[in-house]
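So for the sequence shown, our numbering puts the first residue at 122; every next one is plus one. Glycine included, C-beta positions come from ideal geometry on N, C-alpha and C.
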Amino acid sequence: MEKNKPSEPHLDENLINNQETNDNELPLTLKETIAKNKKIIEKNRQILRK
């Protein structure tokens, strides 16, 4: 077995939970999806600034 073998990536459990909640939502229009994604991106930027 190689010692330099990189570890396998692991799924983020929060991401899995978010996918489960998103499956229950009604399909969004393209503009609604873009607006929602912009809000999520801004929220993530604020988290990263902390």
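Simplified DSSP assignment, three categories, for ILE151: Position 30 of the sequence shown holds residue 151. The question names Ile, but residue 151 in the sequence shown is Leu. Of the three classes helix, strand and coil, the one that applies to LEU151 here is helix, per DSSP.
Separation of ILE162 from THR150, as counted between CA atoms: Start at 1 with the first residue of the sequence shown, and residue 150 comes out as number 29. Start at 1 with the first residue of the sequence shown, and residue 162 comes out as number 41. Looking at the two C-alpha atoms, the distance is approximately 18 Å.
Length of the line joining the Cα atoms of PRO148 and LYS164: Your numbering for residue 148 matches position 27 in the sequence shown. Your numbering for residue 164 matches position 43 in the sequence shown. Cα to Cα, the separation comes out at about 22 Å.
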